[in-house]
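*Asks:* Numbering of the sequence shown is given in my numbering, commencing with residue 1 and proceeding in unit increments.
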Amino acid sequence: MTLKRLFLGLLTAVVVLLVGRTLWASVQQPQTQSRLELYQTDLVLQAAQWQATPDLAQLEGSVSRALGENPAAAALKQYQEVRTSLQDQTQRVQALAQQLTARGQDAPQILDQLAALQQEQTRLDLRLGLLQLTDAPSQVVSAALATWDGAATRLPGSQLAETARILSGLWSSPVQLLPDAEDRLRQTLSGWFEHQALARLYEQQQRPDALRQLQIDRQTAATTALTRLAIVAGLPLLGSLAGLVLLLGFGLRRLLARKRSENGTGRTNPVWPVPWTWVTIWEVMTLWLASFLGLGQLLLPLSLQVLQLLELVPASLGFRGQAFYALLNYTTVVIAGVLILVGALRHFAPLPPDWFRLRLNLSGLLWGVGGYLSALPLVVGVSLLNERLLQGRGGGNPLLLEILENRDLLAKMVFLLMVTVAAPVFEETLFRGFLLPSLTRYLPVSGAIALSGVLFALAHLNLSDVLPLSVLGCVLGFVYLRSRNLFASMLLHSIWNGGSFLALLVLGAGE
Numbered sequence: 001m002t003l004k005r006l007f008l009g010l011l012t013a014v015v016v017l018l019v020g021r022t023l024w025a026s027v028q029q030p031q032t033q034s035r036l037e038l039y040q041t042d043l044v045l046q047a048a049q050w051q052a053t054p055d056l057a058q059l060e061g062s063v064s065r066a067l068g069e070n071p072a073a074a075a076l077k078q079y080q081e082v083r084t085s086l087q088d089q090t091q092r093v094q095a096l097a098q099q100l101t102a103r104g105q106d107a108p109q110i111l112d113q114l115a116a117l118q119q120e121q122t123r124l125d126l127r128l129g130l131l132q133l134t135d136a137p138s139q140v141v142s143a144a145l146a147t148w149d150g151a152a153t154r155l156p157g158s159q160l161a162e163t164a165r166i167l168s169g170l171w172s173s174p175v176q177l178l179p180d181a182e183d184r185l186r187q188t189l190s191g192w193f194e195h196q197a198l199a200r201l202y203e204q205q206q207r208p209d210a211l212r213q214l215q216i217d218r219q220t221a222a223t224t225a226l227t228r229l230a231i232v233a234g235l236p237l238l239g240s241l242a243g244l245v246l247l248l249g250f251g252l253r254r255l256l257a258r259k260r261s262e263n264g265t266g267r268t269n270p271v272w273p274v275p276w277t278w279v280t281i282w283e284v285m286t287l288w289l290a291s292f293l294g295l296g297q298l299l300l301p302l303s304l305q306v307l308q309l310l311e312l313v314p315a316s317l318g319f320r321g322q323a324f325y326a327l328l329n330y331t332t333v334v335i336a337g338v339l340i341l342v343g344a345l346r347h348f349a350p351l352p353p354d355w356f357r358l359r360l361n362l363s364g365l366l367w368g369v370g371g372y373l374s375a376l377p378l379v380v381g382v383s384l385l386n387e388r389l390l391q392g393r394g395g396g397n398p399l400l401l402e403i404l405e406n407r408d409l410l411a412k413m414v415f416l417l418m419v420t421v422a423a424p425v426f427e428e429t430l431f432r433g434f435l436l437p438s439l440t441r442y443l444p445v446s447g448a449i450a451l452s453g454v455l456f457a458l459a460h461l462n463l464s465d466v467l468p469l470s471v472l473g474c475v476l477g478f479v480y481l482r483s484r485n486l487f488a489s490m491l492l493h494s495i496w497n498g499g500s501f502l503a504l505l506v507l508g509a510g511e
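Below, the structure written as structure tokens:
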């Protein structure tokens, strides 16, 4: 037993070091949420071009209020903030690459990361210049031209650089019309930005028919954007309002129950009988985290690199390959986690009947849906606070951007299977089915819910996720405590992930 605890102690130290290192590394990365918000900002810009027909004239004022007084100014500010954060990260990666080069060390991954950051920075500059043209000061044209000149020199010879030169020529004095301008603008820009650039091009080319058709396309695109905004922003808002009502109702019910309890008429909610000690809890969680980090972060990525060097798999997996690789990665971690859990608990079989209870019933359905609605206003509120605290940094789940930019239907189905089935089933079994009840042997129920929620958030290895996912983890824990049914928390988890997945599909549909 002493050797076992010594081994677990050393392994825990390694796990804590790796988790801390990964969280610290995420501090240096821009928040994925900030990048996702740009997609919603683009939708707002596109929707702002909507013009009400006579039969819908009464809706024009409501749409304008919903989109804000000056969507272009708000978009300019947001793009500048993301651009500044991205520029800071690029400078840090560039400095690291220079240090490694000075030591004579190869840094292909760092150089690839630097190239990707420069490409993203250039893509942002194309759009930022068009937004600068909408600003009030008289020097906006010179500011936009300077932005595009920087973009053109950052990646010379690339398609993005050529687009920057086209935009610069369109707003130069005198105007310079470059060949293939229309095709290149359509290939590298989209939505509101594409329409702004094409309108300027058609005006300079004196093509009134093309301008009229562009206006028709704008109206169609604006109508579609309004529909998508209603899904992405409207449905969560309605869900949050319903969640607030549920939270107020439940709070009132708890208050009345406490008064009945003081009068001796209330009922208590007994905790689980826990047949094992804290050593088993320590063993399961440490071994799982070690397998999660070792397999998912080290062994599988290293194996993939070896296979790519041997040319047994393509150097670039593509969207479908990335989806199946992510599925393989998660499946391996799940299998390891199940084996660890079964191995640690086999000595205590048969388990008491309350453990890992899974019942597909109406009560579980109501708790799952109600828990989801209640979690919405709490997590959204904490997420807004989290963005202010981290100021656009903290990283995020890389799968979000992959799903957002993915055009492969099969790959999307693989990701959907992962986030709505595999992740909820395994993570709820581990964190709510095992960890939460086990902690009630040593902590008050509220403390067990809080600690299991924080560990659930930390396991996602992104600083930007810690606060929001801790709140979500606490709601999941509370739902499981009250329902005593893993189906309820699995359903809540699945709806949450599925809703996020749907929002990503809607956001990325116009790109």
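From the three backbone atoms N, C-alpha and C, an ideal C-beta is built for every residue, glycine too.
Keep in mind that this is a model prediction, so the values were computed, not measured.
Please name the residue in Ala161, Phe324, Ser85 whose C-alpha comes closest to that of leucine 528.
*Replies:* Nothing about residue 528 can be reported from this structure: the residues present for the chain run from 1 to 511 only.
*Asks:* With a threshold of 16 other CB atoms inside 10 Å of the CB of valine 27, please say whether the residue is buried or exposed.
*Replies:* Exposed, since its Cβ has fewer than 16 Cβ neighbours within 10 Å.
*Asks:* With a threshold of 16 other CB atoms inside 10 Å of the CB of serine 173, please say whether the residue is buried or exposed.
*Replies:* Exposed, because fewer than 16 other Cβ atoms sit within 10 Å of the Cβ of serine 173.
*Asks:* From glycine 295 to glycine 343, what does the alpha carbon distance come to, in whole angstroms?
*Replies:* For clarity, residue 295 is leucine in the given sequence; the question names glycine instead. Each residue's Cα considered, the two are about 18 Å apart.
*Asks:* With a Cβ-Cβ cutoff of 9 Å, do threonine 22 and leucine 461 count as a contact?
*Replies:* Cβ distance < 9 Å, so threonine 22 and leucine 461 count as in contact.
*Asks:* What whole-angstrom Cβ distance do leucine 492 and tyrosine 372 have, given they're in contact under 8 Å?
*Replies:* Between tyrosine 372 and leucine 492 the Cβ distance is about 5 Å, and since that is below 8 Å, they are a contact.
*Asks:* What do you get for arginine 228, buried or exposed, if any count of 16 or more other CB atoms within 10 angstroms of its CB means buried?
*Replies:* Buried, by the Cβ-count rule.
*Asks:* Would you kindly work out how many angstroms separate the C-alpha atoms of alanine 349 and glutamine 121, rounded to a whole number?
*Replies:* So the alpha carbons of these two residues sit roughly 57 Å apart.
*Asks:* Write down every uninterrupted run of the alpha helix (DSSP H) in the stretch 38–116 whose length is 4 residues or greater and which is fully enclosed by it, in chain order.
*Replies:* Here the runs fully enclosed are 60–67, 71–102.
*Asks:* DSSP three-state call for threonine 277: helix, strand or coil?
*Replies:* Coil.
*Asks:* Can you find at least 3 beta carbon pairs, one from the stretch 183–198 and one from the stretch 450–469, that sit closer than 8 Å?
*Replies:* They do not touch, by the three-pair rule.
*Asks:* Tell me whether arginine 5 is buried or exposed, calling it buried when 16 or more other Cβ atoms sit within 10 Å of its Cβ.
*Replies:* With fewer than 16 Cβ atoms within 10 Å of its Cβ, arginine 5 is classed as exposed.
*Asks:* Can you list the alpha helix (DSSP H) stretches of 4 or more residues lying completely in the stretch 308–363, in chain order?
*Replies:* The qualifying runs are 318–345.
*Asks:* Quick one: grab the DSSP three-state call for aspartate 180.
*Replies:* Coil.
*Asks:* Assess, as a yes-or-no matter, whether the stretch 244–260 is touched by the stretch 320–335 under the definition of 3 or more beta carbon pairs within less than 8 Å.
*Replies:* Verdict: no, contact absent.
*Asks:* Please return the same chain residues whose Cβ sits closer than 8 Å to the Cβ of tryptophan 171, not counting the five positions on each side in sequence.
*Replies:* These residues qualify, in order along the chain: Leu133, Val141, Ala144, Leu145, Arg200.
*Asks:* Given this structure, state the Cα-to-Cα distance separating aspartate 209 from arginine 184, to the nearest angstrom.
*Replies:* Those two C-alpha atoms are separated by around 20 Å.
*Asks:* Report the three-state DSSP secondary structure of threonine 265 (helix, strand or coil).
*Replies:* Any answer about threonine 265 is weak, because its pLDDT of 43 lies below 50 and its placement is not dependable; what the coordinates show is given next. Three-state result, threonine 265: coil.
*Asks:* Suppose contacts are defined by Cβ-Cβ distances below 9 Å. Is alanine 75 in contact with leucine 131 by that definition?
*Replies:* Their beta carbons are under 9 Å apart, which means alanine 75 touches leucine 131 by this criterion.
*Asks:* Whose C-beta lies closer than 7 Å to the C-beta of valine 414 among residues of the same chain, with five residues either side of it excluded?
*Replies:* These residues qualify, in order along the chain: Ala323, Phe324, Leu327.
*Asks:* If we count the other Cβ atoms within 10 Å of its Cβ and call it buried at 16 or more, is asparagine 70 buried or exposed?
*Replies:* With fewer than 16 other Cβ atoms within 10 Å, it is exposed.
*Asks:* Rounding to the nearest angstrom, what Cα-Cα distance links leucine 302 and alanine 290 in this structure?
*Replies:* So the alpha carbons of these two residues sit roughly 16 Å apart.
*Asks:* What do you get for asparagine 485, buried or exposed, if any count of 16 or more other CB atoms within 10 angstroms of its CB means buried?
*Replies:* When all chains shown are included, asparagine 485 counts as buried.
*Asks:* Which same chain residues end up closer than 7 Å to glycine 364 when comparing Cβ atoms and leaving out the 5 residues on each side of it in sequence?
*Replies:* For glycine 364, where only same-chain residues beyond five positions count, the Cβ hits under 7 Å are Ser483, Asn485, Phe487, Ala488, Leu491.
*Asks:* My output table needs one value for tryptophan 272: the three-state DSSP class, helix, strand or coil.
*Replies:* Of the three classes helix, strand and coil, the one that applies to tryptophan 272 here is coil, per DSSP.
*Asks:* Just confirm the distance between the C-beta atoms of alanine 152 and serine 168, as a whole number of angstroms; I'd bet it's less than 8 Å.
*Replies:* Right, the Cβ-Cβ distance comes to about 7 Å (below 8 Å), so this counts as a contact.
*Asks:* Expressed to the nearest angstrom, what Euclidean distance is found between the alpha-carbon atoms of leucine 378 and isoleucine 495?
*Replies:* Taking the straight line from one Cα to the other gives about 16 Å.
*Asks:* Tell me the DSSP secondary structure of serine 142 in three-state form.
*Replies:* DSSP places serine 142 in helix when its eight states are reduced to three.
*Asks:* For alanine 72, I'd like the list of residues in its chain whose CB is within less than 7 Å of its CB, leaving aside the five on either flank, ordered along the chain.
*Replies:* So the qualifying residues of the chain are Leu45, Leu131, Thr134.
*Asks:* DSSP state of aspartate 408, grouped into three classes?
*Replies:* Aspartate 408: coil per DSSP, three-state reduction.
*Asks:* Measure how close the beta-carbons of phenylalanine 434 and valine 284 come, nearest whole angstrom, since I'm counting them as under 8 Å.
*Replies:* Their Cβ separation, rounded to whole angstroms, is 7 Å, which keeps phenylalanine 434 and valine 284 in contact under 8 Å.
*Asks:* Can you tell me where the alpha helix (DSSP H) holding aspartate 209 begins and where it ends?
*Replies:* Element bounds for aspartate 209: 208–229.
*Asks:* Pull up the distance between the alpha-carbon of leucine 100 and that of phenylalanine 250, whole angstroms please.
*Replies:* Computed Cα separation, rounded: 57 Å.
*Asks:* Which two residues bound the contiguous alpha helix (DSSP H) that contains arginine 5?
*Replies:* Segment 2–27, the alpha helix (DSSP H) holding arginine 5.
*Asks:* Assess contact between the stretch 445–455 and the stretch 470–481, defined as three or more Cβ pairs (one per stretch) separated by less than 8 Å. Is contact present?
*Replies:* Contact between the stretch 445–455 and the stretch 470–481 is present, because at least three Cβ pairs lie under 8 Å.
*Asks:* Can phenylalanine 501 and threonine 420 be called in contact, C-beta distance under 9 Å?
*Replies:* For phenylalanine 501 and threonine 420, yes; Cβs fall inside 9 Å.
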